[in-house]
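Novice: Everything in the sequence shown is counted per our numbering, starting at 1245 for the first residue and increasing by one.
We put the CB at the ideal spot given by N, CA and C, even for glycine.
Can you keep this structure in mind? I'll have questions shortly.
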Amino acid sequence: MKIRNIKPSDHEYMIRVLDEWWGGRHMSNMLPKLFFVHFCETSFIAETNQGRIGFLIGFLSQTQAEEAYIHFVGVHPDFRKQGVGSALYRQFFQTVQKLDRVRVKCVTSPINKDSISYHLRLGFQAEPSETQQDGVPYCLDYDGVGENRVLFTKATNDKLNDVGRRNPRRASSHS
């Protein structure tokens, strides 16, 4: 697997496959081309000889000089639990740390249990809030009316935990 910076030419392909990667859920409107044009230094594609298998869209905060933000991450369903997401996060953290960012933030929906669990296993902390669902704090209407979000933060000098890798012995024993 190779991790490289995203290019504007990646946009068309990613938009074409994104909804399929999300099980038919309409997500392509989350990735306007501007991310592929203006945030190439901090956004990445994971690829193998089989093609593009994952992406991370991130950027440096223009307002909070010490922060970077992860906007959207996706991994092809056939390549999940193989360390692709962790590798993309690691690349982002290394890049923004070199650019003097000390903190990374991201959000997810409070109903997206897999995303919440994944970020917690990576070592992110959910920011405190008076509103909670299943013990997880979230902000009401963060992304608009009814668009509640769990806010995550992690210091760039904290080690990212490796998550999502299958045990090679276990995977091969089911063949």
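Since residue 1229 is in the beta strand (DSSP E), which residue starts that stretch and which ends it?
Specialist: In the structure as shown, the chain begins at 1245 and stops at 1419. Residue 1229 is therefore absent and cannot be evaluated.
Novice: What residues are listed by DSSP as bridge partners for residue 1331?
Specialist: In the sequence shown, residue 1331 corresponds to position 87, counting from 1. Its beta-bridge partners do not exist; DSSP assigns none.
Novice: Looking at residue 1287 and the ligand ZN, is the gap between the Cβ and the nearest heavy atom below 6 Å?
Specialist: Of ligands this structure carries none, so the ligand ZN is not represented either.
Novice: Which stretch, first to last residue, makes up the beta strand (DSSP E) that contains residue 1269?
Specialist: Along the sequence shown, one-based indexing puts residue 1269 at 25. Counting along the chain, residue 1269 falls outside any beta strand (DSSP E), and DSSP gives it neither H nor E.
Novice: Given residue 1251, which residues of its chain have a CB within under 6 Å of its CB, disregarding the five upstream and five downstream residues?
Specialist: Along the sequence shown, read from residue 1 onward, the residue named residue 1251 stands at position 7. No residues qualify anywhere along the chain.
Novice: Just the C-alpha distance for residue 1326 and residue 1258, rounded to the nearest angstrom, thanks.
Specialist: The residue you call residue 1326 lines up with position 82 of the sequence shown. The residue you call residue 1258 lines up with position 14 of the sequence shown. The alpha-carbon atoms of residue 1326 and residue 1258 are separated by roughly 20 Å.
Novice: Assess contact between the region 1289 to 1298 and the region 1266 to 1281, defined as three or more Cβ pairs (one per stretch) separated by less than 8 Å. Is contact present?
Specialist: Cβ pair count under 8 Å is below three, so no.
Novice: Which partner residues does residue 1383 have in the DSSP bridge list?
Specialist: Position 139 of the sequence shown, counting from 1, holds the residue named residue 1383. Residue 1383 pairs with 1393.
Novice: Under three-state DSSP, which class holds residue 1292?
Specialist: Against the sequence shown, residue 1292 aligns to sequence position 48. Strand.
Novice: Using only CA atoms, which one of 1393, 1338 and 1321 lies nearest to residue 1356?
Specialist: Your numbering for residue 1356 matches position 112 in the sequence shown. Out of 1393, 1338 and 1321, 1393 has the C-alpha closest to the C-alpha of residue 1356.
Novice: Spell out the partners DSSP gives residue 1302 in its beta bridges.
Specialist: Locating residue 1302 in the sequence shown gives position 58, counting from the first residue. Residue 1302 pairs with 1314.
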